[in-house]
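Peer 1: Residue 1 is where the sequence shown starts when you use the UniProt record's numbering, and the numbers rise one by one after that.
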Amino acid sequence: MSTAGKSEQEKIRRESLDEIRKLGIDPYPSEGYEVNSYSKEILEHYDQKKNNFPDVSLAGRIMSRRIMGSASFAEIQDSKGRIQIYVRRDDLCSGEDKTFYNTFFKKLLDIGDIIGVKGYVFKTQMGETTIHVKKLELLCKSLRPLPVVKEKDGKTWDAFTDPEQRYRDRSMDLVVNPHIKD
């Protein structure tokens with residue numbers, strides 16, 4: 001497909017798509033992904049003492065990432081809300097080959113990509129309910145970047161608020177403003 005007329009970000013994402021395919025990963029798998037939990041349910045009902053979510057499977061869109069060497073945090077958004085995930089290189093990559101984490105997770109995944117994660121729920125030192133990922137799967141590579149909304153001192157910049165643009169790009173509006181679904 002021609003990259004003429006595409007933004008720089010879209011060109012980079014298409015290059016990432018090619019790299020993902022070279023790694024042997026299907027960026028758009030046709031089979032369904034089995035989900036047994038949703039973010040809202042986990043956040044409302046998790047009890048650390050009972051360990052009532054020992055094995056969760058969740059799918060969602062990457063909304064933010066914080067990469068710190070061999071461990072990372074990300075926030076994913078599913079149909080019910082958002083939840084933090086914790087990803088460790090040694091959990092995703094057994095043995096000496098760390099390509100999946102170092103190349104795929106750190107460099108080729110972007111904000112907006114949809115992933116499936118399997119793992120268990122725990123609370124971080126800061127008290128945030130988090131999924132410790134043991135298995136990660138790409139479900140859909142996003143080729144267009146999401147708008148990044150910036151806030152400071154109660155003011156908002158770059159919000160996706162123009163009514164005409166929201167009507168023209170309804171799918172983007174639903175991703176960026178999930179509260180309008182209700």
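Backbone N, C-alpha and C define an ideal beta-carbon position, used for all residues, glycine too.
Output needed for His132: all residues of its chain with C-beta closer than 7 Å, excluding positions within five of it in sequence on either side, in chain order.
Peer 2: As a working mapping, residue 132 is identified with position 132 in the sequence shown. Correct list, in chain order: Tyr86, Gly119, Tyr120, Phe122.
Peer 1: Which residue marks the beginning of the alpha helix (DSSP H) containing Met63, and which one marks its end?
Peer 2: On the sequence shown, position 63 is the one that residue 63 refers to. Here Met63 belongs to no alpha helix (DSSP H); instead the beta strand (DSSP E) covers 56–68.
Peer 1: For Tyr46 versus Lys80, is the C-beta distance shorter than 8 Å?
Peer 2: Start at 1 with the first residue of the sequence shown, and residue 46 comes out as number 46. Start at 1 with the first residue of the sequence shown, and residue 80 comes out as number 80. Not in contact: Tyr46 and Lys80 (Cβ atoms no closer than 8 Å).
Peer 1: Should Ser57 be flagged as near chain C, meaning a C-beta pair shorter than 8 Å?
Peer 2: Absent from the structure: chain C. Only one protein chain is present.
Peer 1: Evaluate the contact criterion for the region 51–67 versus the region 111–118: three or more CB pairs, one atom per stretch, below 8 Å.
Peer 2: Yes, since at least three Cβ pairs between the region 51–67 and the region 111–118 fall closer than 8 Å, the two stretches touch.
Peer 1: Please classify Tyr28: is it buried, with 16 or more other beta-carbons within 10 angstroms of its beta-carbon, or exposed?
Peer 2: As a position in the sequence shown, residue 28 is number 28, starting the count at 1. With fewer than 16 Cβ atoms within 10 Å of its Cβ, Tyr28 is classed as exposed.
Peer 1: Per the DSSP calculation, Arg82 is bridged to which residue(s)?
Peer 2: As a position in the sequence shown, residue 82 is number 82, starting the count at 1. Note: Arg82 sits in a beta bridge opposite Gln77.
Peer 1: In chain order, what residues of the same chain lie with their CB nearer than 6 Å to the CB of Ser72, ignoring the 5 residues before and after it?
Peer 2: Working through the sequence shown from its first residue, we reach residue 72 at position 72. Answer for Ser72: Val87, listed in chain order.
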